[in-house]
Amino acid sequence: MPLPRPDSLLVIVPAFNEEGAIARVVRSIRESVPGAPVVVIDDCSSDGTVGAAREAGAGILPLPHHLGLGGCVQAGYKLAYELGFEYVIRVDGDGQHDPRDIPRVFDRLKRSGCEMVIGSRFVLANGSATGAVRSLGILFFRAVLRPILGRTVHDPTSGFVGVNRRALELFSHSFPLEYPEIEALVVLQRKRFRFEEEPCKMRPRMAGRSTITAVKSLFYIFHVLMGVFVNVLKYERRLHRGGDEG
-2 MPLPRPDSLL VIVPAFNEEG AIARVVRSIR ESVPGAPVVV IDDCSSDGTV GAAREAGAGI
58 LPLPHHLGLG GCVQAGYKLA YELGFEYVIR VDGDGQHDPR DIPRVFDRLK RSGCEMVIGS
118 RFVLANGSAT GAVRSLGILF FRAVLRPILG RTVHDPTSGF VGVNRRALEL FSHSFPLEYP
178 EIEALVVLQR KRFRFEEEPC KMRPRMAGRS TITAVKSLFY IFHVLMGVFV NVLKYERRLH
238 RGGDEG
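Taken in order, the sequence shown gives residues -2 to 243; the numbers are from this note's numbering.
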């Protein structure tokens, strides 16, 4: 892996059993951002994910145990921070995120100076669509987050996310492990960090199918609400004490 430059970018791809899509995802990333290293964080896949990713030109960060999405992302952030990268963009391994949008997310990170840029399906009417249950969940979390963040986040469950080094430092030490996207926004708010949204499109999965069922969706909502509640309590306690705890 090349040594990081002052504006260095690392692209991380959390993956669990994405053999059918991962090679195309890695190749598309390399074509879209030539010269940027791509690391696939493998969450103990039982198929050919690792071999396909390596053959496509990605570096591999194998996890010793199955940690779930949040654990994958945090491992990637820790690696990027320790190696000295200034920016990280996360792209999912199923092919739903279009790597051709990475340069715009990267440019927005550098121009805005904010800690996070979210690739959003809904910030503009860009033709992206999602299922009925997931759409209702997104609307619900928009309403929950609006008073906490003091602004609307149009796509709170997007996994297409770019962060800068300040956010990397924070997230390498503290990051939601199970359902990270929404709780990460609350963590940013606690630190008074900023985020912006960049219009991006979502595509159908290249292979396989989502593991999120109706029952899991209900558990997801409950779990995330609990995480948001805990983070809000921490934020209020910090304000009350006038300090800056983690």
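Quick reminder that beta carbons are idealized off the backbone N, C-alpha and C, glycines included.
### Query
Pro31: buried (16+ other C-beta within 10 angstroms of its C-beta) or exposed?
exposed
### Message
Closest to Asp91 by C-alpha separation, out of His62, His63, Asp39, would be which residue?
### Response
Asp39
#### Entry: Exposure of Ser5, with buried meaning 16 or more beta-carbon neighbours within 10 Å
buried
### Query
Leaving out five residues before and five after Ala20 in sequence, what residues of the same chain have Cβ atoms less than 8 Å from its Cβ?
Ala49, Ala50, Glu52, Ala53
### Message
DSSP three-state label for Pro177, please.
### Response
helix
### Message
Taking the straight line between their C-alpha atoms, what separation do you get for Phe82 and Val36?
### Response
13 Å
#### Entry: the segment 141 to 149 touching the segment 62 to 79, judged by at least three CB pairs closer than 8 Å
no
### Query
Can you name, in chain order, every residue of its own chain whose Cβ lies under 8 Å from the Cβ of Ser42, other than the five neighbours on each side?
Ala12, Phe13, Asn14, Glu15, Glu16
### Query
Rounded to a whole number of angstroms, what is the C-alpha to C-alpha distance between Cys197 and Pro100?
11 Å
### Query
Helix, strand or coil for Leu6 per DSSP?
strand
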